[in-house]
Every structure is written in C-alpha cells, then in structure tokens.
Amino acid sequence: MAVLDEPIKGVPMAKNFIDGEWVESKGEIIDVVNPATYETIGKVGISTKEEIDSAVQAAQAAFHDWRRTPAVARCRYLFRFRELLEENFEEVSRVQTQEHGKCIDESRGETRRGIENVEVSCGIPTLMMGDSSEDIASGIDEYLIRQPLGPFGVIGPFNFPFMIPLWSAPYAVATGNTVIIKPSSEVPFSQTKITELAEEAGFPPGVWNMVHGGRTVVGGMLDHPDIQGITFVGSTPVMRDVIYPGCGKTGKRCIAQGGAANILVIMPDCNVDATIPGLMTSFFGNAGQRCLAGQTLVIVGDDDAFYNEFVEKVTDRAKNIRVGYGLDESVQMGPVRDAQKKESILNYIETGMKEGATLKLDGRKAKEIIGDYPDTCYLGPTIMENVSREMRIVREEIFGPTMGIIRTKTLDDAIEICNESPYHNGHAIFTSNGKAARQFQYDCISGNIGINIGIVAPMAFFPFSGMAGSFLGVLHTQGKEAIRFFTESKVCIHRWL
Amino acid sequence: MNLRTASETLSFIRELEEMAAKFYEDLAGRFPENETDFLAYAKENRKYNKQIQMAYQSVITDAIEGCYAFDLESDNYTFETDLPESASLAEAAAKALAIEGKILDCYTVGAEQSGSLLADVPRNFKIVLRKRNDRLEKLKSLA
Numbered sequence: 223m224a225v226l227d228e229p230i231k232g233v234p235m236a237k238n239f240i241d242g243e244w245v246e247s248k249g250e251i252i253d254v255v256n257p258a259t260y261e262t263i264g265k266v267g268i269s270t271k272e273e274i275d276s277a278v279q280a281a282q283a284a285f286h287d288w289r290r291t292p293a294v295a296r297c298r299y300l301f302r303f304r305e306l307l308e309e310n311f312e313e314v315s316r317v318q319t320q321e322h323g324k325c326i327d328e329s330r331g332e333t334r335r336g337i338e339n340v341e342v343s344c345g346i347p348t349l350m351m352g353d354s355s356e357d358i359a360s361g362i363d364e365y366l367i368r369q370p371l372g373p374f375g376v377i378g379p380f381n382f383p384f385m386i387p388l389w390s391a392p393y394a395v396a397t398g399n400t401v402i403i404k405p406s407s408e409v410p411f412s413q414t415k416i417t418e419l420a421e422e423a424g425f426p427p428g429v430w431n432m433v434h435g436g437r438t439v440v441g442g443m444l445d446h447p448d449i450q451g452i453t454f455v456g457s458t459p460v461m462r463d464v465i466y467p468g469c470g471k472t473g474k475r476c477i478a479q480g481g482a483a484n485i486l487v488i489m490p491d492c493n494v495d496a497t498i499p500g501l502m503t504s505f506f507g508n509a510g511q512r513c514l515a516g517q518t519l520v521i522v523g524d525d526d527a528f529y530n531e532f533v534e535k536v537t538d539r540a541k542n543i544r545v546g547y548g549l550d551e552s553v554q555m556g557p558v559r560d561a562q563k564k565e566s567i568l569n570y571i572e573t574g575m576k577e578g579a580t581l582k583l584d585g586r587k588a589k590e591i592i593g594d595y596p597d598t599c600y601l602g603p604t605i606m607e608n609v610s611r612e613m614r615i616v617r618e619e620i621f622g623p624t625m626g627i628i629r630t631k632t633l634d635d636a637i638e639i640c641n642e643s644p645y646h647n648g649h650a651i652f653t654s655n656g657k658a659a660r661q662f663q664y665d666c667i668s669g670n671i672g673i674n675i676g677i678v679a680p681m682a683f684f685p686f687s688g689m690a691g692s693f694l695g696v697l698h699t700q701g702k703e704a705i706r707f708f709t710e711s712k713v714c715i716h717r718w719l
Numbered sequence: 110m111n112l113r114t115a116s117e118t119l120s121f122i123r124e125l126e127e128m129a130a131k132f133y134e135d136l137a138g139r140f141p142e143n144e145t146d147f148l149a150y151a152k153e154n155r156k157y158n159k160q161i162q163m164a165y166q167s168v169i170t171d172a173i174e175g176c177y178a179f180d181l182e183s184d185n186y187t188f189e190t191d192l193p194e195s196a197s198l199a200e201a202a203a204k205a206l207a208i209e210g211k212i213l214d215c216y217t218v219g220a221e222q223s224g225s226l227l228a229d230v231p232r233n234f235k236i237v238l239r240k241r242n243d244r245l246e247k248l249k250s251l252a
C-alpha cells in the first residue's frame, strides 16, 4: 500500500489566533517533529504571559456581544463549522497522523468523535433550556435560566490533538461563552486547522481563540481573573498539583481529566475470537497512548488450558501487528509521540522485569518497521506474564503499547484489583455471562465501564466520565454535563401584585 | 497481499469497484444495444463506493477495531478487465460475471470478518451484495 499524501508541507509556523487575527508568537520557537519519520514538519511558538493576557482580553471583550447572540443564531455558526469539518474530514485526519503518529484509521476515528461533539452542541437551543414551575405559592412562579459566564480555557493533551479540545470548546461557545484553546505544543497543527475552519465558519473575533505554548500559558489561564473555568486533559500529576488547585485558588470551574492504568478482565466464558481484536485495539491502538487504553489483562479462573490457549492467541495476534508510519494504510500501530516517551515505556518494561514479570512478547525493539524510517520513536507490542497487582506496571500509568497479564481465581479478585488501582477511568470485562457483567458494572469503581468493549469511549451525548486518580471536578466534558459546566443556573421567582 | 485495516481494505474495494465500472463503460461502447444497462452498472459501482465510504466515515471511532477488522488476501479478489476486441456479447457477459463473482466474494468474506467489529460497514457490504442480484440475473441472461 502506498503512503497517503502528507497535508503539512514546507515547515509552516503554527500561529496564535487572537481576536480574529493570526499572529506569530513572540516567545521561543520550537520544532514540531513527525514521530514516524523524525522529520521536522513545522514550528510553534511557546507563547508569553502577555500573549495569553491579550487572548483573554479579546475573549472577555467578545463575550458581551456573543452572549447576546440568540442561541439559534449561535448554533448556526456551529452548523457551518460542522459542515467545514466534514468537508475537510480527510485532511484533518491526515494532519493528526502526520503530527502525532497514529494510524489513519485511528485519526479518522478521532475526527469523527470530534465532529460528533460539534453536532451535539448544535442542539443548544434545546439543550440550554431551563425549568419552570407555576404557582410555587399562590400567584408566584419560579423558573431557572442558564446563562454563560465568560471566557473559558481549554487545555489539550498530545494524544488526541484534534478530538479532545472539541469535548469542550463547541459547548463553551454554543452556550454563549468565549474560548481560548491551548493545544499541546507537540501537536499544534490539528487545532490550527480546526481554528482555521472556525474562522471560516465566521465566529466573531474573540469568540474562538487559540494560544500555543506551555506552562506560561497554562499559568496565565489559571491566574487570570477573567477566565471563568478550565477544562484540562493531561497527566494526573499536572491535574492534581497544578490545574485543580490553581482553579481552586482563583475560584474557577474545573474539569480536570488525568491519567489511567485500565484493567481488562477476561472471563473463561468470553467469546475469544471476538475478544482478541478488541484487546489489540485497547492495548496497542494509538500505540497505547490513550487514557482508555488497557494496561493490565486479568484472566479469571484456574483452567490452565484456557489460560495458555488464550495467551497464545493474544500473543500470536500481537506479534504480527504491522508497525510503521500511520499514513501507510496497512500499518496497524504507529510510533509513540517522542523519544522521551519511548524511554519512559522502556523503563517501565525493565521495572516490570525487575519486579518479577516475564516477557512473553518483547516489543522493546520493533521487529520490523514498514518503510524506511528511523526507529527513534517506534516500539513493538510488549506482553508480560507473571505480573502481580502490587507491581508498578499495574499501579502506574505506562502510556505505551504494553500488556501485563495477571491470573486470578475469581471475578471478586479481579474486581478487587480494579478497585485497588489508583486510577478509575475505563475498566472492562469480557464475558458471555450477564450476571458476571452486571456484578462488574455494579462493583467496579470506574468512570466508564466496558462490557465486551476494549475502549470505553463515551459518545458525545454522554459525559466522558472518570473517577478518583483519573478525574478531579464534578461535571464532565461532553453532552449535557458540559452544558451545565459552561452555564450558571439562575433561579427567578416572580410575584406580580 | 494481506489486508487487515479498514482503511486499506476499503481502498482495495474502491479500486475493484472502479475497475469494474471502467470495464462496464468499455462494454457500453462496444455493445450499443446494451449501453443503458452497462452504464447503469458503472454508475452503481461508484454509488456503492460512496455508500461504503460514508458508512466507514460515519462509524469509524476509536472504540471500534478499525485496524484489526479484516484478514483478506487481496490476490483472491483481483481480476483482469482485458477483453479481446473480437469478444461477443456473451463472452463479455461471462467476463462480467467472473468479475462480479470476485467482488461478491470480497464483500461476503469482508462482511463475515468485520461483522462484530465495524457495525455499519459490514451491513453496507451486505446491502451492496443484495442490490447486485438484478445485475447478476441480467448478465446471466446475456452470457
């Protein structure tokens, strides 16, 4: 299969978009590297405090008129935006692959998920409706209206450069707020493309802003008194130590989504052939770099024959995964995002082995890379057996294409392992027994529960849930909860004399 | 070549449908008495391509096993479209039936393999299979 055309050409500069203008950052300029080819594909500025302040000022100024724009008119901008995203579906998907490394099927999946959030936010005239009660006392009526608050900050991660900011931004502007998006500076071009389309959709200047950068931009958002709230997706330490306390200090609303170390439970009665592709996607899809990826596989029961046969089948499928540049349509697993992340994953594999795990499949060096590319960011799938629940490779987030296998006697044990984890994002069970599935759903602490689903990614009209070490806040991104997050409930009581 | 990902499999199917469409356009030029039918088949092939592409783009998400949905050997479904200048209508129809057979096999096996994994894509494969019945009957009557 041929490699699809790369959409990013000529080492462009990813500019900021502030108050309807594209402006080059005055901060340090860094390279954006394609992890698959290890070529520099663009540049991005690490914006300064003055630049984020200027974006907030623009967003605050635009808020006055934007909140007065009727919801039906606001949603027409979103309809236009949605059409433009659809028209550019293939290009934006390829941008993700080129800057992040994921396979083209995965990028298209990410594009679809992002667009779905825009589609849901198009229903804002209905979604934003309040409640009312007539005659709460004789002659007195009470009703609730939802009002926007002002500028919001949206801080995105590197692993889903297109989709994740769209869990928040469309809802923020649909409800009458203004928004400043800070993409990961490792992958700035997906959001740059989205912002170009938002500009083409005609959002008034200052409604949709984007500022590239790092800690200074995040700090500027957290400290700024005009920013009403932050949505963040990233690592648990940053979520816990920076974002959540930072929002608390200045009284901002906060949705903070952190890391994960998801556990997938295999019951002996599962449909093995249907389960295995789900495990491949969960553990090795996106090169394991997603907060819903499987990290530990718990196989329940003391049937050695089942265990051995299952592990052999999983290993056989994993070892034949095609690794390479995701723009090659035949590739099933791309590189990890950068060499530093690869190093961290390798360290975890070493740690696992030191703690007693054994390598069933050694992916520390990719067996074969399709195409002539440096192996700087590539790994193969790794499978480790003899893993136990206290090991760091179970309890800490690896964020790479690894699978640690634990055996337990009972489902109760498996659920206990899930509940002991410091993370509770997307645990799952594979079974054909409804009772076992229900017990898992009922007892397992996890924001998202999968039953015969390896990646428990909620659709746009459901909240992207998460618990404990994977989430801090009350309301979640996506759907109705996002509408609640981006609006203030104002209650009015009327008596006419 | 072994096809595994949804992207490469659908690209392959698109090529098959397009090759067959061109074949039918060629037949339309050669056999004016059947021009309408052959041009209609070519148009349908391209419509099927759009239909399946739409199904794929509508359903593809990261919760779905897009990179692991197929295990197709492309060599089993490729075909030649060359037809001698002197070929009769019956010979042309026989060739068309052989091409249709390859395409139908590809859809059938693809639908089985991706049945529980790609939702609307295998469903649309089956719809395309069903829609081709009239065409097959007509080609059989000509062969």
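Order-wise, the sequence lines are chains S and F. Each residue of the first sequence is one higher than the one before, starting from 223 at the first, in our numbering. Each residue of the second sequence is one higher than the one before, starting from 110 at the first, in our numbering. Backbone N, C-alpha and C fix where the C-beta goes; we use that ideal spot for every residue, glycine too. Because the structure is a prediction, the values reported are computed rather than measured.
Less than 7 Å between C-beta atoms, sequence neighbours within five positions excluded: which residues of the same chain meet that for residue i?
i, result
"residue 474 (chain S)", "449, 450, 451 and 452"
"residue 568 (chain S)", "586"
"residue 252 (chain F)", "199, 202, 203 and 206"
Applying a beta-carbon distance threshold of less than 9 Å, which residues of chain F neighbour residue i?
i, result
"residue 552 (chain S)", "110, 111, 112, 113, 114, 116 and 117"
"residue 325 (chain S)", "114, 116, 175 and 176"
"residue 507 (chain S)", "171, 174, 175, 176 and 177"
"residue 679 (chain S)", "170, 171 and 172"
Can you tell me which residues form a DSSP beta bridge with residue i?
i, result
"residue 359 (chain S)", "S:362"
"residue 484 (chain S)", "S:516"
"residue 711 (chain S)", "S:368"
"residue 112 (chain F)", "F:181"
"residue 375 (chain S)", "S:402 and S:452"
"residue 606 (chain S)", "S:581 and S:626"
"residue 733 (chain S)", "Only positions 223 to 719 of chain S appear in this structure, which leaves residue 733 (chain S) out of reach."
"residue 236 (chain S)", "S:266"
Could you name the residues of chain F that residue i contacts, counting a contact when the two beta carbons are closer than 7 Å?
i, result
"residue 313 (chain S)", "Going along chain F, no residue has its Cβ under 7 Å from residue 313 (chain S), so there is no contact; the nearest lies around 13 Å."
"residue 335 (chain S)", "170 and 171"
"residue 332 (chain S)", "171"
"residue 500 (chain S)", "174"
Looking only at its chain, what residues have a beta carbon closer than 6 Å to the beta carbon of residue i, apart from the 5 residues adjacent to it on each side?
i, result
"residue 508 (chain S)", "324 and 328"
"residue 394 (chain S)", "374, 401 and 708"
"residue 337 (chain S)", "307"
"residue 455 (chain S)", "379, 386 and 479"
"residue 721 (chain S)", "Because chain S here runs from 223 to 719, residue 721 (chain S) falls outside it and cannot be looked at."
"residue 122 (chain F)", "none"
What residues of chain S sit near residue i, judged by a beta carbon separation below 9 Å?
i, result
"residue 162 (chain F)", "What residue 162 (chain F) touches in chain S: nothing, since even the nearest Cβ is about 10 Å away."
Whose Cβ in chain F lies nearer than 8 Å to the Cβ of residue i?
i, result
"residue 328 (chain S)", "171, 175 and 176"
"residue 392 (chain S)", "Near residue 392 (chain S) there are no residues of chain F at all, since even the closest Cβ is about 17 Å away, more than 8 Å."
"residue 482 (chain S)", "Ordered by position in chain F, no residue passes the 8 Å Cβ test against residue 482 (chain S), which lies about 14 Å from the chain."
Taking all protein chains shown into account, decide if residue i is buried (16 or more other Cβ within 10 angstroms of its Cβ) or exposed.
i, result
"residue 538 (chain S)", "exposed"
"residue 688 (chain S)", "buried"
"residue 265 (chain F)", "Only positions 110 to 252 of chain F appear in this structure, which leaves residue 265 (chain F) out of reach."
"residue 645 (chain S)", "buried"
"residue 251 (chain S)", "exposed"
"residue 240 (chain F)", "exposed"
"residue 580 (chain S)", "exposed"
"residue 286 (chain S)", "exposed"
"residue 531 (chain S)", "exposed"
"residue 550 (chain S)", "buried"
"residue 542 (chain S)", "exposed"
Run through chain S and tell me which residues come within less than 7 Å of residue i, C-beta to C-beta.
i, result
"residue 245 (chain F)", "Result: empty, since nearest Cβ-Cβ is about 30 Å, beyond 7 Å."
"residue 225 (chain F)", "496"
Which same chain residues, not among the five before or five after residue i, have their C-beta less than 8 Å away from its C-beta?
i, result
"residue 715 (chain S)", "358, 362, 363 and 364"
"residue 340 (chain S)", "300, 303, 304, 307, 388 and 392"
"residue 126 (chain F)", "154, 155, 157, 158 and 212"
"residue 664 (chain S)", "none"
"residue 356 (chain S)", "363"
"residue 115 (chain F)", "165, 169, 175, 176, 178, 179, 223, 227 and 230"
"residue 235 (chain S)", "246, 251, 264, 265, 266 and 267"
Return yes when the C-beta of residue i is under 7 Å from any heavy atom of the ligand HEM, and no when it is not.
i, result
"residue 534 (chain S)", "This structure simply doesn't include the ligand HEM, nor any ligand for that matter."
Point to revise | the region 673–682 of chain S in contact with the region 160–174 of chain F per 3-pair CB rule at 8 Å | key: In short, these stretches touch, since the Cβ pair count reaches three.
Check your understanding: So does the region 518–534 of chain S actually touch the region 557–565 of chain S, counting three or more Cβ pairs closer than 8 Å?
Key -> Fewer than three pairs of CB atoms, one per stretch, sit closer than 8 Å, so the region 518–534 of chain S makes no contact with the region 557–565 of chain S.
Review point. Are there three or more Cβ pairs, one per stretch, closer than 8 Å when the region 647–660 of chain S is compared with the region 504–518 of chain S?
Key: Touching, per the Cβ criterion.
Check your understanding: Is it true that the region 361–370 of chain S meets the region 305–317 of chain S, where meeting means three or more beta-carbon pairs spaced less than 8 Å apart?
Key -> Under the three-pair Cβ rule at 8 Å, the region 361–370 of chain S does not count as touching the region 305–317 of chain S.
Exercise for review: Kindly confirm or deny that the region 421–430 of chain S and the region 285–301 of chain S touch, where touching means at least three C-beta pairs closer than 8 Å.
Suggested key: Flag = yes, the region 421–430 of chain S and the region 285–301 of chain S touch.
Exercise for review: Taking 8 Å as the threshold, find out whether the region 249–269 of chain S comes into contact with the region 408–415 of chain S through three or more Cβ pairs.
Suggested key: Of all C-beta pairs linking the region 249–269 of chain S to the region 408–415 of chain S, three or more are shorter than 8 Å, placing the two stretches in contact.
Review point. Should the region 273–289 of chain S be called in touch with the region 426–442 of chain S, which here means at least 3 C-beta pairs below 8 Å?
Key: Touching, yes.
Practice item. State whether the region 253–262 of chain S contacts the region 587–598 of chain S, with contact taken as three or more CB pairs (one from each stretch) at a distance under 8 Å. Key: Short answer: they touch.
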